[in-house]
């Protein structure tokens, strides 16, 4: 049972693990293919508190990999993602930010987060969130190199410094003939979620 | 001096991390850079220096999300 009396989504946890996951706040920086799928995994695992930031709306082109549905086209991704996550677990504490994230507001938008998931799509945005949080004690779980098909075994996790974890193959960029596709994006998003959960539970990612 | 770059021992005359990475075809502004186990943010890379035996790792950030 949860604090509010509902049935817990994840029944495979100890009380201690559940408490740690429910207490943690996770920042989702970008609610596209990585962020939306990572958040979905985290909710299924038992995380209940999120700060989600994305300036974009759901479009038809997103449906090949992102955790949205056709009926949500045109909705702000933050709102659409909150709706979908609450369809799994209604008792979520979600803060959202519909504007762009930059060096001036990143720390404020993700204040109180125990870990931040870097899930942006441009190089500048990825570097910005990594650089901003490198100066803090907050771990960042990023993803780099998720495009295309195949080569599942090349998608892994590496650590840089003390608090940056990077999922992906660290080389395959989005480009002509190498689009963002659900399987490889999904693998990287799942690795990000698995890493976040490990960090929250105090285990080696 | 000898340093270890991406797990390979390499001889270099460069003392600046920025310049060394440029010589390897890596623009530090668009890369994750780790020196002796510490992550260097964009501002730190410009002033970071190499010493004998330094361990440097770097990989480009590529788009996709």
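Protein chains in written order, with our numbering: chain A, 1 to 205; chain B, 1001 to 1065.
In this text, a Cβ means the ideal position worked out from N, Cα and C, and glycines have one as well.
In this text, all values refer to a predicted model and were calculated from it rather than measured experimentally.
Identity of the residue in the options nearest residue i by Cα
i: residue 38 of chain A; options: B:1048, B:1047 and B:1065; result: B:1065
i: residue 166 of chain A; options: A:188, A:74, A:143 and A:18; result: A:143
i: residue 87 of chain A; options: A:27, A:105, A:32 and A:40; result: A:40
i: residue 92 of chain A; options: A:173, A:123, A:197 and A:44; result: A:44
i: residue 78 of chain A; options: A:54, A:110 and A:126; result: A:54
i: residue 1062 of chain B; options: A:18, A:94, A:15 and A:125; result: A:125
i: residue 235 of chain A; options: A:122, A:137 and A:203; result: Shown here, chain A extends from 1 to 205; a query on residue 235 of chain A therefore has no answer.
i: residue 1059 of chain B; options: B:1025, B:1051, B:1049 and B:1011; result: B:1025
i: residue 155 of chain A; options: A:186, A:163, A:138 and A:177; result: A:186
i: residue 163 of chain A; options: A:19, A:73, A:195 and A:110; result: A:195
i: residue 106 of chain A; options: A:28, A:15, A:73 and A:152; result: A:28
i: residue 23 of chain A; options: A:8, A:178 and A:47; result: A:47
i: residue 265 of chain A; options: A:9, A:176, A:200 and A:99; result: A query on residue 265 of chain A cannot be resolved here, the shown segment of chain A reaching from 1 to 205 and no further.
Through-space distance from residue j to residue i, alpha-carbon basis
i: residue 49 of chain A; j: residue 89 of chain A; result: 11 Å
i: residue 97 of chain A; j: residue 1006 of chain B; result: 38 Å
i: residue 85 of chain A; j: residue 135 of chain A; result: 31 Å
i: residue 30 of chain A; j: residue 101 of chain A; result: 9 Å
i: residue 58 of chain A; j: residue 68 of chain A; result: 7 Å
i: residue 120 of chain A; j: residue 32 of chain A; result: 7 Å
i: residue 1038 of chain B; j: residue 1003 of chain B; result: 15 Å
i: residue 171 of chain A; j: residue 1057 of chain B; result: 14 Å
i: residue 76 of chain A; j: residue 82 of chain A; result: 10 Å
i: residue 1054 of chain B; j: residue 140 of chain A; result: 25 Å
i: residue 42 of chain A; j: residue 197 of chain A; result: 7 Å
i: residue 25 of chain A; j: residue 1010 of chain B; result: 43 Å
i: residue 60 of chain A; j: residue 71 of chain A; result: 10 Å
i: residue 1036 of chain B; j: residue 157 of chain A; result: 19 Å
i: residue 1015 of chain B; j: residue 1049 of chain B; result: 5 Å
i: residue 14 of chain A; j: residue 204 of chain A; result: 18 Å
i: residue 20 of chain A; j: residue 159 of chain A; result: 23 Å
i: residue 1012 of chain B; j: residue 51 of chain A; result: 45 Å
i: residue 202 of chain A; j: residue 137 of chain A; result: 15 Å
i: residue 36 of chain A; j: residue 80 of chain A; result: 10 Å
i: residue 11 of chain A; j: residue 34 of chain A; result: 25 Å
i: residue 111 of chain A; j: residue 1034 of chain B; result: 26 Å
CB contact below 8 Å: residue i versus chain E
i: residue 102 of chain A; result: Going by chain labels, chain E is absent from the structure shown, which instead holds the protein chains A and B.
Say whether the region 119-134 of chain A touches the region 1030-1046 of chain B, bearing in mind that this needs 3 or more beta-carbon pairs closer than 8 Å, one atom from each stretch.
-> yes
Determine which residues of the region 1004-1020 of chain B have a Cβ less than 8 Å from any Cβ of chain A, and write them out in chain order.
-> none
Could you tell me whether the region 52-69 of chain A touches the region 175-186 of chain A, where touching means 3 or more Cβ pairs closer than 8 Å?
-> yes
Note down, one range per segment and in chain order, each beta strand (DSSP E) of at least 3 residues found wholly within the region 112-177 of chain A.
-> 115-118, 140-143, 156-160 and 164-168
Count the C-beta pairs between the region 1015-1029 of chain B and the region 1044-1054 of chain B that are closer than 8 Å, then say yes if the count reaches three, no if not.
-> yes
Pick out the complete alpha helix (DSSP H) segments inside the region 1017-1060 of chain B, 4 residues or longer, and give them in chain order.
-> 1017-1023 and 1042-1047
Segment contact, 8 Å Cβ cut-off, at least three pairs: the region 147-155 of chain A with the region 105-122 of chain A = no
Are the region 156-170 of chain A and the region 188-202 of chain A touching by the rule of at least three beta carbon pairs closer than 8 Å?
-> yes
Taking a Cβ distance cut-off of 7 Å, strictly less, list which residues of the region 1038-1051 of chain B are near chain A, in chain order.
-> 1038, 1039, 1041 and 1042
With a floor of 3 residues, list each beta strand (DSSP E) that falls wholly inside the region 14-99 of chain A, ordered by position along the chain.
-> 25-29, 49-53 and 93-97
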